[in-house]
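Heads up, the sequence shown is in our numbering, so the first residue is 584 and it goes up one at a time.
Below: one structure, written as structure tokens.
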Amino acid sequence: MAGLEIPQLVLIGLIFVWSGFVRTSLGFGGAVLSLPFLLLVLDEPLVFLPIIAVHLLIFSSWIAWRGHRQLVADNGGQAPAESNIDWRYLLNAMKVMIIPKLIGVIGLLTLPGNVLTSIIFVIVMVYAVGYLLDKPFRSRNRVVDAVLLALGGYVSGTSLIGAPLIVAVFATHVAAHQLRDTLFVLWFILVLIKMVSFVIAGVDLQLIHHLWLLPCALVGHLLGEGAHRHMLASRTNLYFRVLGGVLILVSVMGLVSSAG
Numbered sequence: 584m585a586g587l588e589i590p591q592l593v594l595i596g597l598i599f600v601w602s603g604f605v606r607t608s609l610g611f612g613g614a615v616l617s618l619p620f621l622l623l624v625l626d627e628p629l630v631f632l633p634i635i636a637v638h639l640l641i642f643s644s645w646i647a648w649r650g651h652r653q654l655v656a657d658n659g660g661q662a663p664a665e666s667n668i669d670w671r672y673l674l675n676a677m678k679v680m681i682i683p684k685l686i687g688v689i690g691l692l693t694l695p696g697n698v699l700t701s702i703i704f705v706i707v708m709v710y711a712v713g714y715l716l717d718k719p720f721r722s723r724n725r726v727v728d729a730v731l732l733a734l735g736g737y738v739s740g741t742s743l744i745g746a747p748l749i750v751a752v753f754a755t756h757v758a759a760h761q762l763r764d765t766l767f768v769l770w771f772i773l774v775l776i777k778m779v780s781f782v783i784a785g786v787d788l789q790l791i792h793h794l795w796l797l798p799c800a801l802v803g804h805l806l807g808e809g810a811h812r813h814m815l816a817s818r819t820n821l822y823f824r825v826l827g828g829v830l831i832l833v834s835v836m837g838l839v840s841s842a843g
């Protein structure tokens, strides 16, 4: 990013504010809803992916820990009866996702990118419309869930478009008040694997740019915390409606991108 003009750097900073806001308010989307805009400024994905990954590692662990501490405080300093993270479903999902994730990272299997993208976003769209209409589609078949999670794990290993599919499945099995923090623990694990692959491959982690982009993401994070609390406190299913709307937006963006 050394050769960029000041206006371009300002745009990148604002996009990272947006990235932090979306990630914290919904529990996903920090990458998939910011990378397309970042690439309009500088069309080099490997410049931004390590920065996004480090931000996710920092904020996901921070948010999950703060959620736990808040429950302890609300329970008079005692361990709460219910965690802010659905560990049971998270561990079950990881058993399904870990092998496809590693296959995707290593690149042992290559599927046509445009076909894979279209299939994923059409599936996500089905889930998203249900959330938006407050009539979520819930799979009653464990095999179907396992296939979708495996596909999401594989794609998250090869690119950044696996998250919407994983979220769509998790949202049918994890309570709203646990969903965001459960997803953040999952993202931490998956991104940590991705970061190891970056290091092994010798990718420049852009550490110098974290000095000014991390505060930008922090501003978005603080704004997103307020938005998340507001959605959960709503008497309606506002959180899932917003989640559905964002998933539809991501799906449309993905389908247009793959068609182009």
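For each residue, glycine too, the CB sits at the ideal point set by N, CA and C.
All values reported here derive from a predicted model rather than from experimental measurement.
Sequence-distant partners of residue 752 (beyond 5 residues in either direction) whose C-beta falls short of 6 Å from its own C-beta, in its chain, are 728, 731 and 732. Taking all protein chains in view, the Cβ of residue 603 is crowded by 16 or more other Cβ atoms within 10 Å, so the residue is classified as buried. Per DSSP, the unbroken alpha helix (DSSP H) holding residue 656 starts and ends at 628–657. Here residue 669 is buried: its Cβ has 16 or more other Cβ atoms, across all protein chains shown, within 10 Å.
Cα atoms of residue 832 and residue 825: separation of roughly 11 Å, rounded to the nearest angstrom. The beta-carbon distance between residue 803 and residue 599, rounded to whole angstroms, is 7 Å. This is short enough to meet the 8 Å contact definition. Buried is the label assigned to residue 606, since at least 16 other Cβ atoms lie within 10 Å of its Cβ.
In the DSSP assignment, residue 725 falls within the alpha helix (DSSP H) that extends over 725–741.
Residue 653 sits exposed, since fewer than 16 C-beta atoms from the chains shown fall within 10 Å of its C-beta. Secondary structure of residue 783 (DSSP, three-state): helix. Residue 668 carries a coil assignment under DSSP once its states are collapsed to helix, strand and coil.
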